[in-house]
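Chains as they are written, first to last, in the working numbering: chain P, -9 to 242; chain E, -9 to 242.
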DNA sequence: TGCATGTCGTGCGATTATCGCACATACTGC
DNA sequence: GCAGTATGTGCGATAATCGCACGACATGCA
């Protein structure tokens, strides 16, 4: 490359790490080669380096992420005071609403959970936790995030929209998707039903000042949980109150 | 370096990332230069690369970790099925014991929380969550992890032991520290009081088969919570039952 | 057995990306 | 004005990286 301010080797190594983002169990060297598009020998050396640096570990089935990435995430979470400030607020909101509540932000063209709390009554877990990702276009969380992102991000996201619907209710038309995000921005909250997972619905509200990267607070429940207008108002009230508390997050 | 199978640039870039592990709010370029010991120009280019790859972001106060590291951690957590399998078990145990319960593993010479659950009754949070780190030598979690690690790790950890005690109760003598780990290995659980944080006590039990990296299940409470032998037995019972359930973690 | 396919390790020459000094600038407080 | 610190960047020498290529091994099928 011609760019003198870009360390290609580092970028390639990070590309290799990215291959593990979707929760792949364990990847073999040829698998990583295929996914990354790099040379086989290069992949091997990068992986060797990543193992020696503690980011990957070898297993019988191939390479996999090591606990190191957790420590790194701990740095991110610690900076935002997630454990000390955010978690109690989420817990309180979850109990008040008797619903799952989550704080999310954006990582490139997807939403990612930053923290989450479930009420004590919750028997089943959906399996979403810190670090879980959701699509931006077809969830309440994602649309609220898009509503607070730059037009460039919106355009990129639309350009990269999926070709196959998640469910029978998934909105596929780009114009109507844009409109949904627009609506979220205008009314200050977003609600989505059935589009990503049948039988599930979500409500999201913005958090804090419009910092560099937006944050949203959201709750998830079964499809008809938000059908009653008064009930929805209560949900929005609780979420917004919590959002104010969280809004004081350290934005150094 | 002479090693042909080691990408130095990648390692340096990861070193830069490591500077943010301790939850630093935001680091300036000179700060990172000091911490990493690399050349100023190199740090600048590596940081530029990390920003362009989405791992760091610029803020008025300097550079800081971006949400990307969360997505990466999500890959790790997803592989272990933390959200789907582990979280419900931890929640159940936390409710049974009415105490905080956590799953932890080892990252180099420290313990790191993989998942955590607090009972509904918990009003205050200690601020420890996923990705939080603890010392290996002076916590129940850490000693139980050491008891299941290789002698090399034990030796390294002892060699790098802190020079200053955390509290007045911190055990500083390497021989007695070794003995404490030995005891944990022999009796199949570990209990520590006051050594890391005054007024706090922890109990830890091993999880699963001795895989590559050990996992432990632990609970934390106020100092005298485990003084009663019958009470301790109940805690151990619940933890061990939960550990069996978690033991089926995907170890691909 | 022979051949195809896939994986893995690695030697090595050519290339080029990286290093790190160096110069230049700007801002602070005194 | 000056010392101290942060920042941007040009450039030559060096050393690290690339990626082809060769050899080895295992597996499956005809």
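Note that CB positions come from ideal geometry on N, CA and C, so glycine has one too.
With DSSP as the reference, identify every bridge partner of residue i, one or two as the case may be.
| i | result |
| --- | --- |
| residue 244 (chain P) | This structure does not reach residue 244 (chain P), given that chain P is present from -9 up to 242, and the question cannot be answered. |
| residue 20 (chain P) | According to DSSP, residue 20 (chain P) bridges with nothing at all. |
| residue 254 (chain P) | With chain P covering -9 to 242 only, the question about residue 254 (chain P) has no answer from this structure. |
| residue 206 (chain E) | E:94 and E:196 |
| residue 57 (chain E) | DSSP, once it has assigned bridges, lists no residue as partnering residue 57 (chain E). |
| residue 48 (chain E) | E:53 |
| residue 74 (chain E) | Residue 74 (chain E) pairs with nothing; no bridge assigned. |
| residue 212 (chain E) | E:190 |
| residue 106 (chain E) | E:92 |
Answer yes or no: the CB of residue i versus the heavy atoms of the ligand NAP, is any distance below 7 Å?
| i | result |
| --- | --- |
| residue 142 (chain P) | Absent from the structure shown: the ligand NAP. Ligands present: none. |
Do residue i and residue j have their C-beta atoms within less than 8 Å of each other?
| i | j | result |
| --- | --- | --- |
| residue 186 (chain P) | residue 129 (chain P) | yes |
| residue 0 (chain P) | residue 0 (chain E) | yes |
| residue 67 (chain E) | residue 102 (chain P) | no |
| residue 226 (chain P) | residue 197 (chain P) | no |
| residue 190 (chain E) | residue 168 (chain E) | no |
| residue 77 (chain P) | residue 228 (chain P) | no |
| residue 192 (chain E) | residue 131 (chain E) | yes |
| residue 137 (chain P) | residue 180 (chain P) | yes |
| residue 110 (chain E) | residue 110 (chain P) | yes |
| residue 35 (chain E) | residue 9 (chain E) | no |
| residue 62 (chain E) | residue 11 (chain P) | yes |
| residue 83 (chain P) | residue 75 (chain P) | no |
| residue 151 (chain E) | residue 127 (chain E) | yes |
| residue 134 (chain E) | residue 206 (chain E) | yes |
| residue 155 (chain E) | residue 69 (chain P) | no |
| residue 7 (chain P) | residue -4 (chain E) | no |
| residue 188 (chain E) | residue 157 (chain E) | yes |
| residue 236 (chain E) | residue 120 (chain E) | no |
| residue 202 (chain E) | residue 49 (chain P) | yes |
| residue 30 (chain E) | residue 45 (chain E) | no |
| residue 153 (chain P) | residue 99 (chain P) | no |
| residue 13 (chain P) | residue 64 (chain E) | yes |
| residue 32 (chain E) | residue 2 (chain E) | yes |
| residue 149 (chain E) | residue 161 (chain E) | no |
Compare the C-beta of residue i with all C-beta atoms of chain P and state if any pair is closer than 8 Å.
| i | result |
| --- | --- |
| residue 15 (chain E) | yes |
| residue 216 (chain E) | no |
| residue 120 (chain E) | yes |
| residue 245 (chain E) | Outside the shown range of chain E, which is -9 to 242, sits residue 245 (chain E), and nothing can be said about it. |
| residue 26 (chain E) | no |
| residue 3 (chain E) | yes |
| residue 57 (chain E) | yes |
| residue 23 (chain E) | no |
| residue 72 (chain E) | yes |
| residue 187 (chain E) | no |
| residue 233 (chain E) | no |
| residue 11 (chain E) | yes |
| residue 110 (chain E) | yes |
| residue -5 (chain E) | yes |
| residue 38 (chain E) | yes |
| residue 156 (chain E) | no |
| residue 66 (chain E) | yes |
| residue 237 (chain E) | no |
| residue 88 (chain E) | no |
Establish whether the CB of residue i and some CB of chain E are separated by less than 8 Å.
| i | result |
| --- | --- |
| residue 210 (chain P) | no |
| residue 45 (chain P) | yes |
| residue 203 (chain P) | yes |
| residue 18 (chain P) | no |
| residue 29 (chain P) | no |
| residue 49 (chain P) | yes |
| residue 192 (chain P) | no |
| residue 145 (chain P) | no |
| residue 228 (chain P) | no |
| residue 61 (chain P) | yes |
| residue 127 (chain P) | no |
| residue 77 (chain P) | yes |
| residue 138 (chain P) | no |
| residue 80 (chain P) | no |
| residue 69 (chain P) | yes |
| residue 225 (chain P) | no |
- Item | Three or more C-beta pairs below 8 Å linking the segment 214 to 225 of chain E and the segment 105 to 123 of chain E | no
message: With three or more C-beta pairs closer than 8 Å as the rule, is the segment 15 to 23 of chain E touching the segment 41 to 54 of chain E?
response: yes
Between the segment 171 to 181 of chain E and the segment 102 to 112 of chain E, do three or more beta carbon pairs fall short of 8 Å? no
Subject >> Entirely enclosed alpha helix (DSSP H) segments - the segment 109 to 177 of chain P, minimum 4 residues >> reply: 130 to 137, 141 to 149 and 164 to 177
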